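*Asks:* Below is the structure I would like to discuss, written out as structure tokens.
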Amino acid sequence: MEIRRIITPLAEDVIEQLKTGEKVFLSGYIYTARDAAHKRFIEALNKGENLPIEIKDQVIYYCGPSPASPGRVIGACGPTTSSRVDVYAPKLISMGLKGMIGKGKRSQMVKDAIKQYKSVYFGATGGAGALISKCVLSSVVIAYEELGPEAVMKLEVKDLPLFVINDIYGNDLYDEGVKKYKR
Amino acid sequence: MREIHVNDIVTVLEKLFVDANINLPDNVYKALEKAAEKEESPLGREVIRELINNAGLAKSEGLPICQDTGLAVTFIEIGQDVHINGGILADAVDEGVRRAYKKGYLRKSCCDPLTRKNTGDNTPAILHVKIVPGDRIKIVVLPKGGGSENYGEVRMLVPSEGKEGVKSFILQMINKGGPNPCPPIIVGIGIGGNLETSAILSKEALMVPIGVRNGDPFLSAFEAEILEEINKTGIGPQGYGGTVTALDVHIKMLPCHIASLPVAVNIQCHAHRLKEVII
Chain H
0 MEIRRIITPL AEDVIEQLKT GEKVFLSGYI YTARDAAHKR FIEALNKGEN LPIEIKDQVI
60 YYCGPSPASP GRVIGACGPT TSSRVDVYAP KLISMGLKGM IGKGKRSQMV KDAIKQYKSV
120 YFGATGGAGA LISKCVLSSV VIAYEELGPE AVMKLEVKDL PLFVINDIYG NDLYDEGVKK
180 YKR
Chain R
0 MREIHVNDIV TVLEKLFVDA NINLPDNVYK ALEKAAEKEE SPLGREVIRE LINNAGLAKS
60 EGLPICQDTG LAVTFIEIGQ DVHINGGILA DAVDEGVRRA YKKGYLRKSC CDPLTRKNTG
120 DNTPAILHVK IVPGDRIKIV VLPKGGGSEN YGEVRMLVPS EGKEGVKSFI LQMINKGGPN
180 PCPPIIVGIG IGGNLETSAI LSKEALMVPI GVRNGDPFLS AFEAEILEEI NKTGIGPQGY
240 GGTVTALDVH IKMLPCHIAS LPVAVNIQCH AHRLKEVII
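Protein chains in written order, with numbering that gives the first Met the number 0: chain H, 0 to 182; chain R, 0 to 278.
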């Protein structure tokens, strides 16, 4: 399997090349945020405040890691279910968020926003928390520390293995894959 | 009467939860290797290879298999000739959980349902206790992640729906979950009893090792039939499409009320963490 290597921030010409069903290795900085953090993002925006992270051209990873043991950068850190973030995601996509990493199906509103604003939804392998942990070079909590595992972290990753699920052309790996193998 | 001190229970629980979260049981590892051979989709095989690598890395690095180290589901069978001394059993279980999740650097995923405030130490454990013959205590731990647990359900079917109704309900739940409960999954099914018994049966069904069939020939055939149907859904590893959606299906059944047909489905992800000790 040929694997494309991509880096953050995600450039539009790279996004245009990504196709549903392909595996990529992602490197660079990404931000973790689960539903609790997203709720705060939207509350901040509604109050006219700035977000604690840069959104334009960035990638958010739906992840709440296990604690790092001494000497480690991070604990296990696989993806969480993306659908819990669906109500908040379209707003961030409209602000220039270029990539989301998680697991599981997205709502039609998110898929529409992905197409309209040229963003990509990547699947990380759910339950591969140890494998993904080895791809993280550094991690620092940058907001909402009181949320514990749901705090926002900035991670530096190298060759994070991902699959393109929703591309900008309206394709969805979950629909296509099931169609292909349903008996 | 055999005396067992609560401290022994605390120590066992601590070790079991750390061990379970780091070391995938051999039968699950082997089932994944078999799945990698059987899976027809190249993407599906790639996913399973990642899962096998992940299990190996977790073991060699002492890292949790998955960051969702679960609620601390604990089943204890106490021989009726055992006397537990030195404290209260439920407190001992919680203390073991507390120590495991702190010292083992496991994620604390337990919170108030409505305020969402984390309890901070992954307690209280979900504790099921049974009194059995003998003078031993058997402790089984099954740290259970939220992603897979969210796709379980109890349904009170109408008796006339029968076996076909049971199958159709299960397939409905599998299709509803799709990629979300992290396939390839293991499916626990509880049939009969009443509302709460069916749910507990479905969880107990998950404790049967992969590949072991129900002793009743009818149920054994029903398990195989449901497994085949699930693997025809096309969901596949991680829901990316494929022929291995479930690694196994286990059924537990008990008699029920003449007016009812309770059925519970409990889905477990491929990171099927399960360990036991007999004291």
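Ideal Cβ placement from N, Cα and C applies to all residues, glycine included. Since the structure is predicted, the reported quantities are computational estimates derived from the model, not experimental observations.
#1: Can you say whether H/N165 is buried or exposed, counting buried as having 16 or more other CB atoms within 10 angstroms of its CB?
#2: Short of 8 Å in beta carbon distance, which residues of its chain neighbour H/G74, apart from the five on each side in sequence? Order them along the chain.
#3: Going by the beta-carbon positions, is the gap between H/Y173 and R/T242 smaller than 8 Å?
#4: May I ask you to report which of helix, strand or coil DSSP gives H/R39?
#5: Under 8 Å between beta-carbons, which chain R residues line up against H/C76? List them in chain order, please.
#6: In the DSSP output, what is R/F74 paired with across the bridge?
#7: Give the straight-line distance between the Cα atoms of R/V207 and H/K104, rounded to the nearest whole angstrom.
#8: At least one CB of chain R closer than 8 Å to the CB of H/Y173: is that the case?
#9: Hey, H/G125 and R/C181: beta-carbon distance below 8 Å or not?
#10: Measure the Cβ-Cβ separation of R/G95 and R/E13 and say whether it is below 8 Å.
#11: To be precise: take each residue of the stretch 18-43 of chain R, compare its Cβ to all Cβ atoms of chain H, and keep it if any distance is under 9 Å. Which residues remain?
#12: Compare the C-alpha of H/K117 against each of H/I2, H/I6, H/I14 and name the closest.
#13: Kindly list, in the order they appear in chain H, the residues whose Cβ is closer than 9 Å to that of R/R106.
#14: What are the uninterrupted segments assigned as beta strand (DSSP E) that are 3 or more residues long and contained completely in the stretch 50-115 of chain H, given in chain order?
#15: So if DSSP puts H/T31 in a beta bridge, which residue, or which two residues, is it bridged to?
#16: With 16 as the cutoff for other CB atoms within 10 Å, does R/N20 come out buried or exposed?
#17: Does the count of Cβ pairs from the stretch 33-43 of chain R and the stretch 103-123 of chain R closer than 8 Å reach three?
#18: Chain R beta carbons: is any one of them nearer than 8 Å to that of H/V177?
#19: Which value, in whole angstroms, describes the spacing of the CA atoms of H/I5 and H/I167?
#20: Closest to R/E152 by C-alpha separation, out of R/R115, R/P236, R/Q267, R/D25, would be which residue?
#21: Taking the alpha carbon of R/A89 as the point to measure from, which residue in R/Y239, R/Q79, R/T73, R/Y104 has its own alpha carbon closest?
#22: Can you list the residues of chain H that R/P63 reaches, using a CB-CB cut of under 8 Å?
*Replies:* Taking the coordinates as given:
#1: The residue given as residue 165 of chain H occupies position 166 in the first sequence. So H/N165 counts as buried.
#2: Mapped onto the first sequence, residue 74 of chain H falls at position 75. If we look at H/G74 and ignore the five residues flanking it on each side, its Cβ neighbours are P64, S65, P66, A67, S68, G128, S132.
#3: Within the first sequence, numbered from 1, the residue matching residue 173 of chain H stands at position 174. Within the second sequence, numbered from 1, the residue matching residue 242 of chain R stands at position 243. Contact flag unset, no.
#4: On the first sequence, residue 39 of chain H is found 40 positions in, with the first residue counted as 1. If DSSP states are grouped into helix, strand and coil, H/R39 belongs with the helices.
#5: Residue mapping note: residue 76 of chain H aligns to position 77 of the first sequence, counting from 1. Near H/C76 (Cβ distances below 8 Å), the residues of chain R are Q66.
#6: Your numbering for residue 74 of chain R matches position 75 in the second sequence. DSSP, once it has assigned bridges, lists R/H127, R/V139 as partnering R/F74.
#7: Taking the second sequence and counting its residues from 1, one reaches residue 207 of chain R at position 208. Taking the first sequence and counting its residues from 1, one reaches residue 104 of chain H at position 105. When rounded, the distance between both Cα atoms is 30 Å.
#8: To locate residue 173 of chain H, count along the first sequence from 1; it is residue 174. Yes, H/Y173 counts as interfacial toward chain R.
#9: As a first step, residue 125 of chain H must be located in the first sequence, where it is residue number 126. As a first step, residue 181 of chain R must be located in the second sequence, where it is residue number 182. In this structure, R/C181 lies closer than 8 Å to H/G125 by Cβ.
#10: Position 96 of the second sequence, counted from the first residue, corresponds to residue 95 of chain R. Position 14 of the second sequence, counted from the first residue, corresponds to residue 13 of chain R. Going by C-beta atoms, R/G95 is nearer than 8 Å to R/E13.
#11: N20, I21, E39, S40, P41, L42, G43
#12: Within the first sequence, numbered from 1, the residue matching residue 117 of chain H stands at position 118. That would be H/I14, whose Cα lies nearest to the Cα of H/K117.
#13: Walking along the second sequence from the start, residue 106 of chain R turns up at place 107. Result: G63, P64, S65, P66, G74, A75, G147, P148.
#14: 58-60, 98-101
#15: Sequence index remark: in the first sequence, residue 31 of chain H carries index 32 (1-based). DSSP, once it has assigned bridges, lists H/Y60, H/M152 as partnering H/T31.
#16: Your numbering for residue 20 of chain R matches position 21 in the second sequence. Counting Cβ neighbours within 10 Å, R/N20 comes out buried, since at least 16 surround it.
#17: no
#18: Indexing the first sequence from 1 puts residue 177 of chain H at position 178. Cβ-Cβ to chain R under 8 Å: yes for H/V177.
#19: In the first sequence, residue 5 of chain H corresponds to position 6, counting from 1. In the first sequence, residue 167 of chain H corresponds to position 168, counting from 1. Cα to Cα, the separation comes out at about 16 Å.
#20: Taking the first residue of the second sequence as position 1, residue 152 of chain R is located at position 153. Per the Cα distances, R/Q267.
#21: Along the second sequence, read from residue 1 onward, the residue named residue 89 of chain R stands at position 90. Ranking the options by Cα distance to R/A89, first place goes to R/T73.
#22: Numbered from its first residue, the second sequence carries residue 63 of chain R at position 64. Neighbours of R/P63 on chain H, chain order: S65, G74, A75, G128, A129.
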